[in-house]
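Visitor:
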Amino acid sequence: MYSDEKKILTQIYRWFSFYEKNSTLESQLKILSKNISIDSGLEKVFGIDDYLKKIDLIPKNWKSIYNILDYQIESRKNGSYIVDTLVEYDNLGVKDDLKTTFKYIFSLNYEKNGKDKMFMPLIQSVRVSALGIHDHILEKNKNKILASLNYFYLLIDKNDKEVECFKEILSRNFNLDFQGKNIDSFKNLKKYYISNNKEYKNLDHRVEDIEILEIKKSEYKVQLIISLEKIDRRDHLSEKEFYVDIELEDCGSDLLKIKSLKNKD
Numbered sequence: 000m001y002s003d004e005k006k007i008l009t010q011i012y013r014w015f016s017f018y019e020k021n022s023t024l025e026s027q028l029k030i031l032s033k034n035i036s037i038d039s040g041l042e043k044v045f046g047i048d049d050y051l052k053k054i055d056l057i058p059k060n061w062k063s064i065y066n067i068l069d070y071q072i073e074s075r076k077n078g079s080y081i082v083d084t085l086v087e088y089d090n091l092g093v094k095d096d097l098k099t100t101f102k103y104i105f106s107l108n109y110e111k112n113g114k115d116k117m118f119m120p121l122i123q124s125v126r127v128s129a130l131g132i133h134d135h136i137l138e139k140n141k142n143k144i145l146a147s148l149n150y151f152y153l154l155i156d157k158n159d160k161e162v163e164c165f166k167e168i169l170s171r172n173f174n175l176d177f178q179g180k181n182i183d184s185f186k187n188l189k190k191y192y193i194s195n196n197k198e199y200k201n202l203d204h205r206v207e208d209i210e211i212l213e214i215k216k217s218e219y220k221v222q223l224i225i226s227l228e229k230i231d232r233r234d235h236l237s238e239k240e241f242y243v244d245i246e247l248e249d250c251g252s253d254l255l256k257i258k259s260l261k262n263k264d
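Be aware that the sequence shown starts at 0, since it is given in numbering that gives the first Met the number 0, and climbs by one per residue.
1) From residue 152 to residue 100, what distance separates their C-alpha atoms?
2) State the Cα-Cα distance for the pair residue 195 and residue 180, rounded to the nearest angstrom.
3) Using the three-state DSSP reduction, which class does residue 178 fall into: helix, strand or coil?
4) Under the rule that 16 or more other beta-carbon atoms within 10 Å means buried, what is residue 142, buried or exposed?
5) Mark residue 163 as exposed unless 16 or more other C-beta atoms lie within 10 angstroms of its C-beta, in which case mark it buried.
6) Based on Cα-Cα distance, which residue from 237, 111 and 66 lies nearest to residue 103?
7) So, helix, strand or coil for residue 30, using DSSP?
8) Mind checking who residue 204 pairs with in its DSSP beta bridge?
9) Going by alpha carbons, who is nearest to residue 248 out of 173, 117 and 263?
10) Quick check on this structure: which residue in 13, 47 and 158 has the alpha carbon closest to the alpha carbon of residue 204?
11) Would you mind stating whether residue 277 and residue 253 have Cβ atoms separated by less than 8 Å?
12) For residue 145, report the span of its alpha helix (DSSP H) as first-last.
13) According to DSSP, is residue 70 helix, strand or coil?
14) Determine whether the beta carbon atoms of residue 228 and residue 213 lie at a separation below 8 Å.
15) When the Cα atoms are used, what is the spatial distance from residue 211 to residue 217?
16) Going along the chain, which unbroken runs of the beta strand (DSSP E) with 3 or more residues stay wholly within the stretch 74 to 122?
17) On the criterion of 16 or more Cβ atoms from any shown chain inside 10 Å, does residue 236 qualify as buried, or is it exposed?
18) Near residue 4, what residues of its chain come up, given a Cβ to Cβ distance below 7 Å and the 5 sequence neighbours on each side ignored?
Here you go:
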């Protein structure tokens, strides 16, 4: 469930980041089922063809921000997941600091690509209802940052020694500092995974808190509080929290890329 939770959160944060910017249709289709059902209260969509017809009704380049205040994930017997989220929406073009709270209920499931199950779940349905208006200060691009970071830690926990999957999330000139061990190439990353293979089994990293320190053009500096649970070979559970300083850059894809990362005690 821990791995599934990271995948689900990555897709949910992607959903909101797409509507903060004029994202490409190709990016949006990455996370949607062909049988997508959307009920926004104003518009209803049934299936991907209907979605493609109605996508032009959405204004381009919305000056808006979505912030997930709270979420609950429920697994169903049929393998699907229901995500109940409390979301703040800020239409920056209307009035400063005026925010509306919405409830978004997502349904996600793993679909098949041929005979194989997809690595990431797809959003099958979305229901939206407005709850009220209030004032709150939000941080720009937080959803895209959180989508990227949840995906990064999903790959860390996945423990894929081939490291090819990291090319989607790491910058060309990246530098990772894991407790004083510097890694600046995919070759070194692979060596690190192989030499620490026993250490990187049965891990669960979770983003507990995030502080956006700086936004400058297409670059971001953030600090995270990460909780880490680890089960050793004797099934003993250990837990700890630590800070992580991260620099990211926007290369135009739906996920940011990590330029540098440093774990701190």
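Built from N, CA and C at the ideal position, the CB exists for glycine as well.
Guide: Reading off the structure:
1) Taking the straight line joining both Cα atoms gives about 29 Å.
2) Rounded to whole angstroms, the separation of the alpha carbons of residue 180 and residue 195 is 12 Å.
3) coil
4) buried
5) exposed
6) 66
7) coil
8) For residue 204, which the question treats as bridged, DSSP gives the partners 227.
9) 173
10) 158
11) The first residue shown for the chain is 0 and the last is 264, placing residue 277 beyond what the model contains.
12) Element bounds for residue 145: 141 to 157.
13) strand
14) It is not a contact, given that the beta carbons lie outside the stated cut-off.
15) About 14 Å.
16) Counting whole runs of 3 or more residues, the stretch 74 to 122 contains the beta strand (DSSP E) stretches 80 to 90 and 97 to 108.
17) Residue 236 comes out exposed.
18) 72
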